[in-house]
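Trainee:
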DNA sequence: CGATAGTGGCGTATCTCGTACACCATAATG
DNA sequence: CATTATGGTGTACGAGATACGCCACTATCG
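Residue numbers (the working numbering), protein chains in the order written: chain A, 469 to 720; chain B, 469 to 720.
(1) Please name the residue, chosen from B:514, B:601, B:634, B:504, that lies closest to residue 703 (chain A) on a Cα-to-Cα basis.
(2) Which parts of the region 576-654 of chain A are runs of the alpha helix (DSSP H), unbroken and 4 residues or longer, counting only runs that do not cross its ends?
(3) Determine the direct distance from the alpha carbon of residue 527 (chain A) to that of residue 548 (chain A), and round the result to whole angstroms.
(4) Looking at the C-beta of residue 606 (chain B), does it have a partner C-beta in chain A at a distance below 9 Å?
(5) Taking residue 637 (chain A) as the query, report the chain B residues whose CB atoms sit under 7 Å from its CB, ordered along the chain.
(6) What is the rounded straight-line gap between the Cα of residue 536 (chain A) and the Cα of residue 626 (chain B)?
(7) For the region 498-585 of chain A, which segments carrying the alpha helix (DSSP H) assignment without a break, of at least 4 residues, lie completely within its bounds, in sequence order?
(8) Compare the C-beta of residue 619 (chain A) with all C-beta atoms of chain B and state if any pair is closer than 9 Å.
(9) Counting only C-beta atoms, is residue 493 (chain B) closer than 9 Å to chain A at any point?
(10) Can you give me the C-alpha to C-alpha distance between residue 538 (chain B) and residue 506 (chain B), rounded to a whole angstrom?
(11) By a C-beta neighbour count over all protein chains shown, 10 Å radius and 16 as the cutoff for buried, is residue 555 (chain B) buried or exposed?
(12) Is the region 612-619 of chain B touching the region 668-675 of chain B, taking contact as three or more C-beta pairs under 8 Å?
(13) Buried or exposed: where does residue 531 (chain B) fall if 16 or more other Cβ atoms within 10 Å of its Cβ makes it buried?
(14) Quick check on DSSP: helix, strand or coil for residue 680 (chain B)?
(15) So what's residue 487 (chain A) in DSSP terms, helix, strand or just coil?
(16) If we ignore side chains and look at the alpha-carbon of each, how far apart do residue 544 (chain A) and residue 565 (chain A) end up?
(17) Are the Cβ atoms of residue 621 (chain A) and residue 694 (chain B) separated by less than 9 Å?
(18) Taking a contact to mean a Cβ-Cβ separation below 9 Å, would you say residue 645 (chain B) touches residue 701 (chain B) in this structure?
(19) Using the C-alpha atoms, what's the distance from residue 710 (chain A) back to residue 707 (chain B)?
(20) Would you say residue 547 (chain A) faces chain B, with C-beta separation under 9 Å as the test?
(21) The alpha helix (DSSP H) with residue 719 (chain B) in it runs from where to where?
(22) Alpha carbons only, please: which of A:576, A:553, A:503 is nearest the one belonging to residue 638 (chain A)?
(23) For residue 486 (chain A), is the classification buried or exposed, using 16 other Cβ atoms within 10 angstroms of its Cβ as the cut-off for buried?
(24) Check each candidate in B:588, B:521, B:607, B:557 and name the one with the smallest Cα separation from residue 698 (chain B).
(25) Report yes or no: is there a C-beta of chain B within less than 9 Å of the C-beta of residue 560 (chain A)?
(26) Among A:542, A:648, A:605, which residue has its Cα nearest to the Cα of residue 600 (chain B)?
(27) Compute the beta-carbon to beta-carbon distance between residue 563 (chain B) and residue 484 (chain B), rounded to the nearest angstrom, for a pair I have assumed lies under 8 Å.
(28) Within the same chain, show all residues whose beta-carbon is closer than 7 Å to that of residue 541 (chain A), passing over the 5 residues directly before and after it, in chain order.
(29) Could you compute how far the alpha carbon of residue 640 (chain A) sits from the alpha carbon of residue 512 (chain A)?
So this is what it looks like as structure tokens:
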């Protein structure tokens, strides 16, 4: 089971990079029967399952059933379930084929646009946020997004090191915002959840321990959800971009 | 198993808030044998296990063994494993008993200090980052940190709504930074992992698809890891604080 | 003081999963 | 045609979550 612990090397990363494919899908066929299964079919089926029922629904048994094959057949194409998850995650992060190059001189807008597109990916594949993953982005498509952000940032006066830092900063912001927002989608799709959330909190948060929160809640219609609107998304992003702009002015 | 999907209400939240305790630990004992197990003992044991071997090592069986009881005994105190995880997560987020009130007039420093303390919690309990959780902070201790940040932010001219947004922004930043950083600790503790990471990437990232990255990697000793130092932590935090300061000047 | 009833711990059983292994059919190469 | 690597499959095992029913214990009430 998804044990992310004490692995010698990020599992499945090589597979995602097509470095150590169990069996490379080439036109020249070596001896043996023609493969009916392909890594691509497996991944597509698994992603479809995850999209509709969440990561918890992705078991090798269910994927195999959906493919009409035996469970253990999958192991001919994937070393372990964790491997599969890594490849799924990367596939779900695929950027649209024709990403326009960032608009020169308007790097903030470019970054904001990229951030929005990444967010949309998370919305389409919320289960990606359920994958316990650590460390910086390390799969091809994730890094393609990073590449794009670097293109925009190259128009600033930030140092290379700071450009890298800015990339991870924005990446992380989008991910966190998605984690915050995609709860209702995951749960049962509806803003009802947000309302419930505040109703529940208002009931259990007592003024003696949470004076600031209680004041906020009572003050006005702050009981509206937080983080669930486009303006909320813009707020944090704009703070970050403003901070980066300040650094750009100083030239570092 | 950790199915975070399609629950009617965040599992175990009530337990963390002591709202619907399976059995409330009161001094007045109702009929029945004296409880040898308590929720506190269970949670402490489970956290200890998770601290040492990661979230994947936390099974009801192992927790029970560590407690010297039968597996199913735990169900008298916890409705499900997911419930237990929620309570564990909250317990691991407990702030130190005597959090000093934020220094008036220096809200940026106060926020930075709080961010650092939250980060330390993640460092002590990296498994918290392995818990698939969505939505805004919703357990007592998480919100206690929020309360503290609100205290600092009340010294700004930000609108209440924006103060809430700022809290989630900082919270998310720390979490993401921890997710980024705590990889080596999770893996096998050592900066070796970071070096491996860049070595691997430098090998698979070709200049045709990743020109910016390749230029950065070749340029200088940028091959140093990213995100793993105190300065890296400070970078993103300072960008966010700068962005908030700008908003404070404008008074919104 | 003894009956009652709610309660906590436990043994057993079931269902789902990830995965190792051995078997067999297949097809490209010599 | 023989060889041999290869892909799909059936079986098996161990771990894990958890429902269920039993029993022993104790606070209260008659």
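Each residue gets a CB set at the ideal place from its N, CA and C atoms; glycine is no exception.
Mentor: According to the structure shown:
(1) Counted from its first residue, the first chain places residue 703 (chain A) at position 235. When each option's Cα is compared against that of residue 703 (chain A), the closest is B:634.
(2) Those alpha helix (DSSP H) runs which fall completely within the region 576-654 of chain A and span 4+ residues are 608-621, 628-649.
(3) Stepping through the first chain from its first residue, residue 548 (chain A) is reached at position 80. Stepping through the first chain from its first residue, residue 527 (chain A) is reached at position 59. Straight-line Cα distance between these residues: approximately 11 Å.
(4) Numbered from its first residue, the second chain carries residue 606 (chain B) at position 138. Chain A, which has a Cβ nearer than 9 Å to the Cβ of residue 606 (chain B), makes this yes.
(5) As a position in the first chain, residue 637 (chain A) is number 169, starting the count at 1. Within chain B, the C-beta atoms nearer than 7 Å to that of residue 637 (chain A) come from 704, 707, in chain order.
(6) Locating residue 536 (chain A) in the first chain gives position 68, counting from the first residue. Locating residue 626 (chain B) in the second chain gives position 158, counting from the first residue. Each residue's Cα considered, the two are about 57 Å apart.
(7) The qualifying runs are 507-521, 528-535, 549-560.
(8) Counted from its first residue, the first chain places residue 619 (chain A) at position 151. Cβ-Cβ to chain B under 9 Å: yes for residue 619 (chain A).
(9) As a position in the second chain, residue 493 (chain B) is number 25, starting the count at 1. With a pLDDT of 48 at residue 493 (chain B), under the threshold of 50, the modelled position of this residue cannot be trusted; read the value that follows with caution. So no, residue 493 (chain B) is outside the interface.
(10) By one-based count along the second chain, residue 538 (chain B) stands at place 70. By one-based count along the second chain, residue 506 (chain B) stands at place 38. Rounded to the nearest whole angstrom, the CA to CA distance from residue 538 (chain B) to residue 506 (chain B) is 14 Å.
(11) Here the question's residue 555 (chain B) lines up with position 87 in the second chain. Buried, since its Cβ has 16 or more Cβ neighbours within 10 Å.
(12) No: fewer than three Cβ pairs fall under 8 Å.
(13) Looking up residue 531 (chain B) in the second chain gives position 63. Label assigned to residue 531 (chain B): buried.
(14) As a working note, residue 680 (chain B) is residue 212 in the second chain. Of the three classes helix, strand and coil, the one that applies to residue 680 (chain B) here is helix, per DSSP.
(15) Sequence index remark: in the first chain, residue 487 (chain A) carries index 19 (1-based). In this structure, residue 487 (chain A) counts as coil in the three-state DSSP scheme.
(16) Along the first chain, one-based indexing puts residue 544 (chain A) at 76. Along the first chain, one-based indexing puts residue 565 (chain A) at 97. Taking the Cα positions, residue 544 (chain A) is about 30 Å away from residue 565 (chain A).
(17) Taking the first residue of the first chain as 1, we reach residue 621 (chain A) at position 153. Taking the first residue of the second chain as 1, we reach residue 694 (chain B) at position 226. For the 9 Å CB-CB criterion, residue 621 (chain A) and residue 694 (chain B) do not form a contact.
(18) One-based indexing of the second chain puts residue 645 (chain B) at position 177. One-based indexing of the second chain puts residue 701 (chain B) at position 233. Inclusion of residue 645 (chain B) and residue 701 (chain B) in the CB contact set at 9 Å is warranted, their separation being smaller than that value.
(19) For the purposes of this step, residue 707 (chain B) is identified with residue 239 of the second chain, where counting begins at 1. For the purposes of this step, residue 710 (chain A) is identified with residue 242 of the first chain, where counting begins at 1. Roughly 8 Å between the two C-alpha positions.
(20) Numbered from its first residue, the first chain carries residue 547 (chain A) at position 79. For residue 547 (chain A), the answer is no, since every Cβ of chain B falls outside 9 Å of its Cβ.
(21) If you number the second chain from 1, residue 719 (chain B) lands on position 251. Note, residue 719 (chain B): premise wrong, no alpha helix (DSSP H); not H, not E.
(22) For the purposes of this step, residue 638 (chain A) is taken as residue 170 along the first chain, with counting starting at 1. Out of A:576, A:553, A:503, the CA that lies nearest to the CA of residue 638 (chain A) is found in A:576.
(23) In the first chain, the residue the question calls residue 486 (chain A) occupies position 18. By the 10 Å Cβ count, residue 486 (chain A) comes out exposed.
(24) Numbered from its first residue, the second chain carries residue 698 (chain B) at position 230. Of B:588, B:521, B:607, B:557, the residue nearest in Cα terms is B:588.
(25) As a working mapping, residue 560 (chain A) is identified with position 92 in the first chain. No, no contact with chain B.
(26) By one-based count along the second chain, residue 600 (chain B) stands at place 132. The shortest C-alpha separation from residue 600 (chain B) is found at A:648.
(27) The residue given as residue 563 (chain B) occupies position 95 in the second chain. The residue given as residue 484 (chain B) occupies position 16 in the second chain. Incorrect: roughly 15 Å between the Cβ atoms, too far for contact.
(28) Here residue 541 (chain A) refers to the residue found at position 73 when the first chain is read from its first residue. Hits under 7 Å: 505, 532.
(29) Mapped onto the first chain, residue 640 (chain A) falls at position 172. Mapped onto the first chain, residue 512 (chain A) falls at position 44. Rounded to whole angstroms, residue 640 (chain A) to residue 512 (chain A) spans 26 Å at the Cα level.
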